[in-house]
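Working notes, structure below.
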Amino acid sequence: MNKLHNSLFPATRSQKSLQRIVRLLIAGASVASVGLVGCTPAIEVQADRGRLLSQTDTVVSSRAIADVQALVKLGPRVTGTPVMEQARAYLIEQYTRAGYETRTQTFTYPKFEDLGSSITINGQIRNGRALNGSIPGKPSARLVAVPNVGQRSDFATVDVKGAIAVVRRGEIPFLQKAQNAANAGAVGVVIVNNEPGELYGTLGGEVQIPVLALSGKAGNSLIESQPSQGTLTVNTRQRTVTGTNVIAHLPGVTQPRVVVGAHYDSVPGSPGANDNASGTAVVLDIARNVAQTPLAREAWFVVFDGEEDGLHGSRAFVSQAQPDWLQGLDAMFNFDMVGVNDQLLVGGSQSLTKLAQVTQSDISTFGGQGGSDHAPFARVGVPVLFFYRGQEPNYHTPNDKAVEPQLLDETTQVALNVLQQLLGSDTSDRISLMRRSVL
């Protein structure tokens, strides 16, 4: 395994016309719907191809769930730790067994760490978590509950000068709450989750007072008890860590049409079954399923490190790629949290979300791009498709230990069907297929 260099990103082809493919698929459905006697709609022909794939290339979910279980068994997969080395070795072994070459790509970044943060009232410690990016500090001061959610106008109704402000989560970003508190003279902030569970989050900017996140359960009891004084302890540091992406592809494939990816790291304290062993396992299962087909020669499979700390792995991948190599991509597929919740959601580039819905009509879409490893690709103009099943109660907690095997299976199958539509034939073949369906 070699470190990935820019020389591995040669420019060998121009960008395909994905938008034209989608227009052709939709146009075929529209033409067929006008009521020509004896005609089979083009959309049905395309759907039949997907069903044929389901029948002849059935996804074996036992492999994907075995991958999830193997990764979860290692414990929390935190960037820069020995556990990540073990996870990486496991993934490399699996891709190698499936017939792929693997390479690694390393990168460094300053990693924020919470070394143990809490608030102490009358000798009773309520443990919480420093928001990612918070400065350390240990102020002792009176506690003031701020009404509502910490808008600037909310601080006008209370005196928090020299105090620790307690605000509820919701409506506005964490950074804005903390900045409003600092501007009003507070010496620290406690943000209380609007759900009973733990709160994990990132400030996303600088604020010069310490910020603690509390679970809804601990925070609500704090607010209800109306304490007068407390000590806020935010114990944080930053250290430089090395992350490692793993790239797999068939020998000789230097310019793929699609990057299929997911992050394989998790947050501290969480074994990360759904977030994101689920996505990692789906990417690996897609690779296994296409390994003996022509589709494998059109794809690179990438598992990213450092996502939980700010998409560092995917950012490094994109920044090291030559612009012409990126322009040669038709799509980047990203899978994050796809093992819990029945409804599969897709987001990203409109052209690709439409293609996914043409392929699988019961897929739902969500607005925006979503903040996962597809985002750096989208920023440089690569069409992206983000597979996701939404938030769930065990997100970023020690209880993220299990996923539903059939949901992994379904996600893999949908992705295979979309890949089949995107990569299975060239545009002229699609035109020919549609003409046969309406003439």
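If you read the sequence shown in my numbering, its first letter stands for residue 513, the second for the next number, and so on.
Backbone N, C-alpha and C fix where the C-beta goes; we use that ideal spot for every residue, glycine too.
For residue 609, the enclosing alpha helix (DSSP H) covers residues 594 to 609. Inclusion of residue 744 and residue 726 in the CB contact set at 8 angstroms is not warranted, their separation being larger than that value. For the pair residue 847 and residue 771, the CB atoms are not nearer than the 8 angstroms cut-off. Burial state of residue 623 is buried, judged by a 10 Å Cβ sphere holding 16 or more other Cβ atoms. For residue 818, the closest C-alpha among the options 774, 932 and 681 is that of 774. Your pair residue 644 and residue 711 does not check out as a contact, with CB atoms roughly 11 angstroms apart and the cut at 8 angstroms. The alpha carbon of residue 598 has as its nearest neighbour, out of 583, 751, 639 and 651, the alpha carbon of 583. As a beta-bridge residue in DSSP terms, residue 680 pairs with 704. Within its own chain, the residues whose Cβ lies closer than 7 angstroms to the Cβ of residue 780, once the five positions on either side in sequence are excluded, are 588 and 590, listed in chain order. For residue 741, there is no enclosing alpha helix (DSSP H); the residue is part of the beta strand (DSSP E) that begins and ends at 741 to 745. A Cβ-Cβ separation of about 5 angstroms places residue 620 in contact with residue 754 under the 8 angstroms criterion. Cβ contact annotation for residue 741 (same chain, cutoff 6 angstroms, sequence separation greater than five): 654, in chain order. Per the C-alpha coordinates, the member of 788, 735 and 719 positioned closest to residue 577 is 788. With a threshold of 16 other beta carbon atoms within 10 Å, residue 683 falls short and is exposed. According to the DSSP assignment, residue 736 belongs to the alpha helix (DSSP H) that extends over 728 to 737. In the three-state reduction of the DSSP assignment, residue 657 falls in the strand class.
Restricting attention to alpha helix (DSSP H) runs no shorter than 4 residues, the region 843 to 899 encloses them at 862 to 871 and 887 to 891, ordered along the chain. Cβ-Cβ separation between residue 809 and residue 762: approximately 6 angstroms, consistent with a contact (criterion under 8 angstroms). In chain order, 595, 598 and 599 place their CB closer than 7 angstroms to the CB of residue 586, counting only its own chain and leaving out the 5 sequence neighbours on each side. In the DSSP assignment, residue 589 falls outside any alpha helix (DSSP H), carrying neither H nor E.
Its Cα nearest to that of residue 738, the residue 677 stands out among 677, 690 and 833.
With distances taken between CA atoms, residue 657 lies nearest to 668 out of 650, 648, 668 and 649. In this structure, DSSP gives residue 675 a state outside helix and strand, which the three-state scheme calls coil.
About 11 angstroms separates the Cβ atoms of residue 696 and residue 721, ruling out a contact at the 8 angstroms cut-off.
Judged by DSSP secondary structure, residue 835 falls within the alpha helix (DSSP H) whose first and last residues are 835 to 839. Per the C-alpha coordinates, the member of 766, 924 and 631 positioned closest to residue 615 is 766. Put simply, of 628, 630, 617 and 579 the residue whose alpha carbon is nearest the alpha carbon of residue 606 is 579. Looking only at 782, 671 and 649, the smallest Cα-Cα distance to residue 908 is reached by 782. Fewer than three pairs of CB atoms, one per stretch, sit closer than 8 angstroms, so the region 823 to 834 makes no contact with the region 858 to 875.
Between the alpha carbons of residue 666 and residue 672 lies a distance of about 11 angstroms. For residue 622, the enclosing beta strand (DSSP E) stretches over residues 613 to 626.
Rounded to the nearest whole angstrom, the C-alpha separation of residue 914 and residue 884 is 21 angstroms.
The three-state secondary structure of residue 773, taken from DSSP, is strand. If you ignore the 5 residues before and after residue 574, its C-beta comes within less than 6 angstroms of no other C-beta in its own chain. Following the DSSP letters along the chain, one finds residue 824 inside the alpha helix (DSSP H) bounded by residues 824 to 832. Rounded to the nearest whole angstrom, the CA to CA distance from residue 661 to residue 609 is 52 angstroms.
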